[in-house]
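Taking it in order: structure first as structure tokens, then the write-up.
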Amino acid sequence: MTGDDLLALSPLLALATGACAHLLLIAWIRDDRTAAVFALAYVALAALCLPLAWGVAPHPVGDLFVVDGFSLFLMLVFLLNAAVIVLQLEDSRFTGLCKGELFLLLLTATLGACALVASRHFAAIFISLELMGISLFAMVAYRANQRRSLEAGVKYLVLTAISTSLVLMGVGLIYAATGKLELAAPQEAALANGGLARAWLTGGYALLLGGLAFKMSLVPFHFWTPDVYQGAPAPVAAFLATIGKAAAAAILFRLLAGGHIEPLADILFWIALFSMLVGNLLAVSQQSIKRLLAYSSVAHMGYLLVAFLALRAQSGALAGEALGFYLAAYLLTTLTAFGVITNLAASRDGREPDHLEEFRGLLWRRPRSALVLMLAMLSLAGIPLTIGFLGKFYLFAAGAASGQWVLLWVLVIGSAIGLYYYLRVVLVLCDRSAEDASMLAAPQPTPARLVLAALAALIVWLGVFPDTVMQFVQEAVRSIS
Amino acid sequence: MTLALILLVMLLGGVAAAWAGGGSPRAARVVALVTLSVASLLAVTLLPGVSHLTGMPGASWVSEVNLHWIPRFGIGFHLAVDGFSLLLILLTLFLGFICVLVSWEEIRERVGFFHLNLLWTLAGVVGVFSALDLFLFFVFWEVMLVPMYFLISIWGHERRAYAAMKFFIFTQASSLLMLIAMVCLVLLHYDVTGHLTFDYLDLLQAQPAPASFWLMAGFFIAFAVKLPTVPWHTWLPDAHTQAPTAGSVILAGVLLKTGGYGLVRFVIPLFPDAALAFTPGAMLLGITGILYGALLAFAQDDFKRLVAYSSISHMGFVLVGVFAWNAVALNGAVMQMLAHGISTSALFAMAGLLQHRLHTRDMCAMGGLWSRAPRLCAVALFFVVASVGMPGLGNFIGEFLVLWGTFQHSVPAAVFAGLGLVVGAVYSLRLVQRAFHGPDAAAPPLAELDRRELSLFAALAFAILWLGLVPNAFLAIADPSLVWLDAQVSFRGVLP
Chain C
1 MTGDDLLALS
11 PLLALATGAC
21 AHLLLIAWIR
31 DDRTAAVFAL
41 AYVALAALCL
51 PLAWGVAPHP
61 VGDLFVVDGF
71 SLFLMLVFLL
81 NAAVIVLQLE
91 DSRFTGLCKG
101 ELFLLLLTAT
111 LGACALVASR
121 HFAAIFISLE
131 LMGISLFAMV
141 AYRANQRRSL
151 EAGVKYLVLT
161 AISTSLVLMG
171 VGLIYAATGK
181 LELAAPQEAA
191 LANGGLARAW
201 LTGGYALLLG
211 GLAFKMSLVP
221 FHFWTPDVYQ
231 GAPAPVAAFL
241 ATIGKAAAAA
251 ILFRLLAGGH
261 IEPLADILFW
271 IALFSMLVGN
281 LLAVSQQSIK
291 RLLAYSSVAH
301 MGYLLVAFLA
311 LRAQSGALAG
321 EALGFYLAAY
331 LLTTLTAFGV
341 ITNLAASRDG
351 REPDHLEEFR
361 GLLWRRPRSA
371 LVLMLAMLSL
381 AGIPLTIGFL
391 GKFYLFAAGA
401 ASGQWVLLWV
411 LVIGSAIGLY
421 YYLRVVLVLC
431 DRSAEDASML
441 AAPQPTPARL
451 VLAALAALIV
461 WLGVFPDTVM
471 QFVQEAVRSI
481 S
Chain H
1001 MTLALILLVM
1011 LLGGVAAAWA
1021 GGGSPRAARV
1031 VALVTLSVAS
1041 LLAVTLLPGV
1051 SHLTGMPGAS
1061 WVSEVNLHWI
1071 PRFGIGFHLA
1081 VDGFSLLLIL
1091 LTLFLGFICV
1101 LVSWEEIRER
1111 VGFFHLNLLW
1121 TLAGVVGVFS
1131 ALDLFLFFVF
1141 WEVMLVPMYF
1151 LISIWGHERR
1161 AYAAMKFFIF
1171 TQASSLLMLI
1181 AMVCLVLLHY
1191 DVTGHLTFDY
1201 LDLLQAQPAP
1211 ASFWLMAGFF
1221 IAFAVKLPTV
1231 PWHTWLPDAH
1241 TQAPTAGSVI
1251 LAGVLLKTGG
1261 YGLVRFVIPL
1271 FPDAALAFTP
1281 GAMLLGITGI
1291 LYGALLAFAQ
1301 DDFKRLVAYS
1311 SISHMGFVLV
1321 GVFAWNAVAL
1331 NGAVMQMLAH
1341 GISTSALFAM
1351 AGLLQHRLHT
1361 RDMCAMGGLW
1371 SRAPRLCAVA
1381 LFFVVASVGM
1391 PGLGNFIGEF
1401 LVLWGTFQHS
1411 VPAAVFAGLG
1421 LVVGAVYSLR
1431 LVQRAFHGPD
1441 AAAPPLAELD
1451 RRELSLFAAL
1461 AFAILWLGLV
1471 PNAFLAIADP
1481 SLVWLDAQVS
1491 FRGVLP
């Protein structure tokens, strides 16, 4: 292993070392705040290593990993995201539970996600996926004294196990067809053989797609999403919704950008179409904000597939940019939405508001929280001057450049349906008839709340002045397309 | 820079009004009035600029601001106005005063936030009328919806949630089609020239693309929904009826005009061939709107709903005028937009104050108002007559010019559109008869117009008289823009 290899892997190494150190720390010091501070420090350390890795990128490390702009960009996003979730976890109250292990699990899950986006070998993909999945399962079920939480944990465990086995089976079939485990392994030989090898290859990729679609909760693999979101603590659900999905999406994109899109294009098309429609339609009738966000995330991942299918056209660069920007926008917005739930829970003894009725008239009782949530909803709906709109604009551009007229139509229809339920939340928030005085406890400015305000400001700031980020994304994804 | 300054003043004024509303409601209203005064003064200083226009392309834009915004996609912050858009901006600001005045008594809750939304909606509309970058135009187009949505959904009447939602979804969904069309236009232009830009003036040079019909349709639908045109009109009666009075005034007076503006500014010059090919369809839609809107207006019992349906009918003239392909009809369409903005705003203000006094909008429950409040009813009659198209008032000029121009283009079209005037007289007179005449309910006398209301209606009446008696003063301001448009279109050999 050369020095460059170490530099390239330094963010992952920092996270891994941090996780080990954290394990020791929480054995000695059972204090939530200290644990949070240290977890934050490890994440920050990993983030500080990113420029070092950027210096040597693009750099393949052994057969397993490749550290390039694409993976570093996503690592940066994931680390920032993880830092915010650490703060949100610190801010939320789990009665009778020490949160030290939760931070440990968060570190390992983040490590899994970061390793996943840098994988270039099926073994690395599998290990990273498992690292992330197992940590997440424990995080979901962390409030073991609550039935909902346990139910969600078991559900997630079973389904994540199924998805992993799909991935494994897919990898097996691909190996049978090509005899190679590298992502970029040439398949011409297998395809030229025709017949069985070809069928195995296609089947293998389809199974792989199925496994990753579980993580991204695309239709028809979306059934776990609402229950798990609802049962998990809000910050953990935020992790699932943001890093959990983005990492799977990113590795799928890397896989397909390697020239494996053709056999899967038709399947992807139908998955995208149904995700947009089913996700949006099911979200319409939800009364729980977390279930609503869950179904809306199904739809958003469906939108994102437009960028994947744009890989087929000559404009592959635009596809990568669209993916990168959309993911960043979606993560920022989702994190903000879940942050508000955490924030409101903190001022009512840790009981999370979930039913929409609990949000009625919030604008007049907790104007700042309500405005932030409103902003997140408008960004998810894709209203201009928010970053969500620019994400959608990228998809429109990528879709139009690659001529995906059917999907763009469905995207418009999906957005119109989506508008209905996002606006319903806005409407509930500013309903003037509700004069309920609960949730009035004056909130103290904790770091998590300040960060939440900063996130909301960022949604607007990047929605108005996106150029820096756009250029950064453009630079970063060059390595992949 | 003046345009950017106007936008800034209105945005900051909105924030200031919200802040002042925390102290006393009156302060918020005063801040809003001051903001509008400053913005209007700034807008008026632009007037001398446009009257010197030469009518040459490129030279006809005043107060130009062109900054890089998102270079990645060639998007600029490009604002400028010509006479046509400046007239609409002045109309917007004028109606802004009316809005503040009509809500003086009506809005009592969360007054600061109300004026924030009011000013931001108006700022969005001013942005729509002055954006010369397609992306920027789209941003303003969407952004003006959000505060408008709040105006309806917070301060509206009994079915406000439904109406606000319908309004937003119709407009947003149709505008996404426009966004796709915009992106395609830009990409096609990029394929030909290698220059990625959203700038309106650059895209005017784009060669008509093979798919230009579909691109045109994307733009057309977005504007037709806003105008509104049958069959995309169903959001309008709900939104207008459920909105608070100021909201109805903005919707009818200004927001509908953005649809007409879009047709003239974007659909015709960007896609002249496709638009010309679509003329029969557009004419049919326009005439259907005129007649169908008028018939539906005839069947209404709700005062505001009647006026709302009459708007569909009146705005049909704008669509017909734009697609008649001659200068007379185009002038008529511009005139119709201005006059309808003022007369309909007056009628909605009247409906609002009647509702405030009687607590109903149902005309069956009115009746006999003339003996109870003669001055109020006389004022109402004036605006009803204006809306019917009485010579000497603005609407007459608009409708007459549209019909005249249409007659040159197609006689049957003019005849059918003209029928709309007849039905218009019928439903308007029915309104007067049901609400103001007839047996009075032996109720106590109604509060007469107070000084605030009188001055508000006097201003509106003055405007509509001015439009009707000296139409040239306004047409001369808009004319260079229309000549320029004509040059743009005929330059490509579209006109016969």
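Chains as they are written, first to last, in my numbering: chain C, 1 to 481; chain H, 1001 to 1496.
Built from N, CA and C at the ideal position, the CB exists for glycine as well.
- If you look at residue 1079 of chain H, you'll find it isn't in any alpha helix (DSSP H); it sits in the beta strand (DSSP E) that goes 1075 to 1081.
- Using a Cβ distance threshold of 9 Å, residue 1483 of chain H and residue 1327 of chain H count as a contacting pair.
- Among the residues facing chain C, residue 1200 of chain H is not included, as its CB has no counterpart in that chain under 9 Å away.
- If you draw a straight line from the Cα of residue 400 of chain C to the Cα of residue 417 of chain C, it comes to about 21 Å.
- With distances taken between CA atoms, residue 1212 of chain H lies nearest to H/1278 out of H/1260, H/1250, H/1278 and H/1292.
- Less than 9 Å divides the Cβ of residue 174 of chain C from the Cβ of residue 204 of chain C.
- With a beta-carbon spacing of about 7 Å, residue 1018 of chain H and residue 1115 of chain H fall inside the 8 Å limit used to define contacts.
- Between the stretch 375 to 384 of chain C and the stretch 248 to 256 of chain C, the count of C-beta pairs closer than 8 Å stays below three; the two stretches do not touch.
- Bounds of the beta strand (DSSP E) holding residue 1067 of chain H are 1062 to 1070.
- Secondary structure at residue 118 of chain C: coil, using DSSP grouped into helix, strand and coil.
- In terms of CA proximity to residue 211 of chain C, C/245 leads the group C/245, C/198, C/471 and C/237.
- Within the stretch 415 to 437 of chain C, the residues whose Cβ lies closer than 9 Å to any Cβ of chain H are, in chain order, 415, 416, 417, 419, 420, 423, 424, 426, 427, 430, 431 and 432.
- Rounded to whole angstroms, residue 1154 of chain H and residue 363 of chain C show a C-alpha spacing of 11 Å.
- By the C-beta density criterion, residue 1184 of chain H is buried, having at least 16 other C-beta atoms within 10 angstroms.
- Annotation: Cβ neighbours of residue 412 of chain C in chain H (cutoff 8 Å, chain order): 1173, 1176, 1177 and 1180.
- DSSP places residue 275 of chain C within a helical segment (H, G or I) once states are collapsed to three.
- Residues 104, 107, 108 and 111 of the same chain have their beta carbon placed closer than 7 Å to that of residue 19 of chain C, with the five preceding and five following residues left out of the count.
- Residue 1409 of chain H: member of the alpha helix (DSSP H) spanning 1394 to 1409, first to last residue.
- A distance of 9 Å or more separates the beta carbons of residue 87 of chain C and residue 425 of chain C.
- With the rule of 3 Cβ pairs closer than 8 Å, the stretch 1144 to 1151 of chain H counts as touching the stretch 1118 to 1128 of chain H.
- Taking 9 Å as the cut-off between beta carbons, the residues of the stretch 1116 to 1149 of chain H near chain C are 1135, 1138, 1139, 1140, 1141, 1142, 1143, 1145, 1146 and 1149, in sequence order.
- In the three-state scheme derived from DSSP, where H, G and I count as helix and E and B as strand, residue 1115 of chain H is classed as helix.
- Identification of chain H residues near residue 470 of chain C by a Cβ-Cβ cut-off of 9 Å yields 1070, 1071, 1072 and 1073, ordered along the chain.
- Relative to residue 1008 of chain H, the option among H/1356, H/1027, H/1079 and H/1072 whose CA is nearest is H/1079.
- Annotated three-state conformation of residue 219 of chain C is coil, per DSSP.
- Taking 9 Å as the cut-off, the beta carbon of residue 1373 of chain H is found no closer than this to the beta carbon of residue 1286 of chain H.
- Against chain C, the beta carbon of residue 1183 of chain H has neighbours under 7 Å at 396, 397 and 400, listed in chain order.
- An exposed status is given to residue 1448 of chain H, since fewer than 16 other beta-carbon atoms sit within 10 Å of its beta-carbon.
- For the stretch 1442 to 1463 of chain H, the beta-carbon criterion of a distance under 7 Å to any beta-carbon of chain C is satisfied by none of its residues.
- In this chain, the beta strand (DSSP E) harbouring residue 59 of chain C covers 59 to 61.
- Legend: CB atoms of the stretch 1080 to 1111 of chain H lying less than 8 Å from CB atoms of chain C belong to residues 1109 and 1110.
- At a cut-off of 9 Å between beta carbons, residue 1282 of chain H makes no contact with chain C.
- Taking C-beta atoms as the reference points, residue 1204 of chain H and residue 1433 of chain H fail to come closer than 9 Å.
- Assignment of beta-bridge partners to residue 355 of chain C by DSSP yields C/288.
- Secondary structure note for residue 65 of chain C: its beta strand (DSSP E) is the uninterrupted segment 65 to 67.
- Using a CB distance cut-off of 9 Å, residue 393 of chain C counts as an interface residue toward chain H.
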